[in-house]
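The sequence shown runs -3 to 236 under our numbering. Just so it is clear, CB atoms sit at the ideal spot from N, CA and C, and this is done for glycine as well.
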Amino acid sequence: MPEYLGKRFGGGRIRLYLALLSLGLYISTKISVDMYSGAIFIQEALGWDLYAAVGALLAVTALYTVTGGLAALMYADLVQTLVIIGGASVLAGYALGAVGGYEGLVERYPLALPPNLTGPCGRPRPDAFHLLRHPSTGDLPWPGLLLGLGIISSWYWCTDQVIVQRCLAGRSLTHVRAGCVLCGYLKVLPMFIMVLPGMAARVLFPGQPQPPPHPLTCPTWPPNVATQYGRSTWPPKVAT
């Protein structure tokens, strides 16, 4: 993307600015999260130290990126996509089967309460199965969902370095368009292979730390509860 803007508008300042901005955003918001989440699963599956798992991830990624370039990244993305979709589909099937299917999830999710629960904090939201939520009381109000996330998504899918460089490296405009259409269909899958299994995890593991509630209703909720929830629920679910 920096190279494209440099050729399109000329000069080196905009190219350098976007390169530094992209590096800063990736290091602070993406790479750190990806390394940590990947290391957690390696730690759970193999019993490695967290820092050793992070180092292994960095070493493997750097090896095929430096030696193979963008072509290696694309082949790796293809393999990872197939593995993730296949594994997540199997996980979703087992998770939904364990809770009695979608109907069982709808019935049991509101009753999935952690032990020793007092007060409203930590209870499942009554609008948990609603996509468009109340504009003032919802944890993700529908105006923000349609307007705010729409703007953010447009920035990510149209200007992000990872996305755009794949399109610029396409064999032809037809291939790029076909890839974008395919990705659009694939983006429907997270609702079924990520969100619903996550809700099933709450039903299957009610004693584990729960996802954080809305800060306006529970201002005293521990700030690290989201990290505890992810670390204590997802790895055991995958391992079992």
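{"query": "May I have the straight-line CA-CA distance separating residue 220 from residue 170, to the nearest angstrom?", "result": "Any reading at residue 220 must be qualified, since the residue scores a pLDDT of 49, below 50, and its modelled position is unreliable; no value is offered."}
{"query": "In the DSSP assignment, the alpha helix (DSSP H) including residue 31 goes from what residue to what residue?", "result": "28 to 42"}
{"query": "So who's on the other strand from residue 9, going by DSSP bridges?", "result": "None; residue 9 has no bridge partner."}
{"query": "Using alpha carbons as the reference points, say which of 77, 135, 19, 73 lies closest to residue 302.", "result": "A question about residue 302 goes unanswered here, because the residues of the chain that appear run from -3 up to 236."}
{"query": "If distances are taken between C-alpha atoms only, which option among 196, 143, 5 comes closest to residue 106?", "result": "196"}
{"query": "Looking at C-alpha atoms only, which residue of 17, 60, 16, 82 is the closest neighbour of residue 239?", "result": "Only positions -3 to 236 of the chain appear in this structure, which leaves residue 239 out of reach."}
{"query": "Quick one: grab the DSSP three-state call for residue 16.", "result": "helix"}
{"query": "To the nearest angstrom, how far is it from the Cα of residue 56 to the Cα of residue 69?", "result": "12 angstroms"}
{"query": "Give me the Cα-Cα distance between residue 2 and residue 95, rounded to the nearest whole angstrom.", "result": "54 angstroms"}
{"query": "Under three-state DSSP, which class holds residue 167?", "result": "coil"}
{"query": "Kindly indicate the opening and closing residues of the alpha helix (DSSP H) around residue 195.", "result": "192 to 200"}
{"query": "Are the segment 40 to 51 and the segment 129 to 141 touching, with three or more C-beta to C-beta distances below 8 angstroms?", "result": "no"}
{"query": "With the cut-off set at 8 angstroms, would you say residue 198 and residue 84 are in Cβ contact?", "result": "no"}
{"query": "Is it buried or exposed, residue 92, if we count other Cβ atoms within 10 angstroms and call 16 or more buried?", "result": "buried"}
{"query": "Going residue by residue through the segment 82 to 169, where are the continuous alpha helix (DSSP H) segments of at least 4 residues, counting only ones entirely within it?", "result": "97 to 104, 145 to 155, 157 to 164"}
{"query": "Alpha carbon to alpha carbon, how far is residue 4 from residue 12?", "result": "14 angstroms"}
{"query": "Please state the DSSP three-state secondary structure of residue 183.", "result": "coil"}
{"query": "Just to confirm my understanding: we take residue 159, look at its own chain, exclude 5 residues before and 5 after, and list those with CB closer than 6 angstroms. What are they?", "result": "153"}
{"query": "Excluding the 5 residues preceding and the 5 following residue 124 in the sequence, name in chain order all residues of the same chain whose CB lies nearer than 8 angstroms to its CB.", "result": "105, 106, 195"}
{"query": "Are the CB atoms of residue 110 and residue 193 within a distance shorter than 8 angstroms?", "result": "no"}
{"query": "Look at residue 163 and residue 177 and say whether their C-beta atoms are less than 8 angstroms apart.", "result": "no"}
{"query": "Should residue 35 go down as buried or exposed, given a rule of 16 or more other Cβ atoms within 10 Å for buried?", "result": "buried"}
{"query": "In whole angstroms, give me the CA-to-CA distance for residue 136 and residue 121.", "result": "12 angstroms"}
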